[in-house]
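Residue numbers (the working numbering): 26 to 242. Idealized CB from N, CA, C, for every residue including glycine. Take a look at the structure set out below.
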DNA sequence: ACCGGGATGTTCT
DNA sequence: GAACATCCCGGTG
């Protein structure tokens with residue numbers, strides 16, 4: 026399914042000017058997710074989060090591990106909340122934060138070994154009107170998906186998707202696809218945001234210069 | 001611009 | 001009871 030007639034920022038409408046056919050959207054194979062979260066994380070930059078008519082290019086992520094990562098929800102025990110982190114890579118982990126926000130994670134690694142990548146920010150590409158209906162009519166483009174809870178809200182994601190499989194095309198519920206566009210620039214690697222344990226672990230990556238990143242610098 | 005506080009529920013001490 | 005992978009709004013420069 027192709028998105029509606031909406032203009033997609035950052036995408037050239039020059040397919041007719043080249044001999045190469047436009048590259049098809051590709052879902053990511055299961056093995057992509059079945060690696061350590063800190064390996065998968067930076068490779069998710071530039072990929073496209075899709076759900077219905079909404080789409081956005083991922084520009085900021087953070088990796089979270091298991092018992093060795095004091096900032097991880099799986100640092101202590103397996104509970105009902107963090108259970109999805111123990112699934113095989115290729116599922117969603119969606120948790121409720123601060124009593125009012127939802128956050129979206131990509132589960133990574135092998136079954137039984139907790140690990141996930143938090144999707145912190147993305148550049149809206151399609152369905153911006155739907156995002157505004159969820160986030161607020163006056164919200165700027167750069168305010169739609171520049172934070173983990175804002176991103177989830179723009180996509181209408183709640184806990185009902187926790188532990189679901191990651192979709193591989195635009196016809197599914199919530200998925201990730203590769204549209205062939207490379208990440209613009211080398212990812213910037215920093216410490217993670219908003220945590221009070223494991224502050225020294227540099228497991229955050231973002232696209233340099235993107236105005237859609239949640240907290241530049 | 002930068003700050004401080006409040007909203008709100010699940011998890012853990 | 002306190003902490004929490006957050007966000008919004010209203011204060012002050």
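- Within the DSSP bridge table, the entry for residue 203 names 51 as partners.
- Secondary structure at residue 125: coil, using DSSP grouped into helix, strand and coil.
- Non-local beta-carbon contacts of residue 94 in its own chain, meaning distances under 7 Å to residues more than five positions away in sequence, involve 100, 223, 226 in chain order.
- DSSP lists no bridge partner for residue 234.
- Between residue 138 and residue 130 a beta carbon distance of about 15 Å is seen, past the 8 Å cut, so the two are scored as non-contacting.
- Look at residue 153 here: in three-state DSSP terms it is helix.
- In the three-state reduction of the DSSP assignment, residue 131 falls in the strand class, which pools E and B.
- In the DSSP assignment, the residues bridged to residue 76 are 79.
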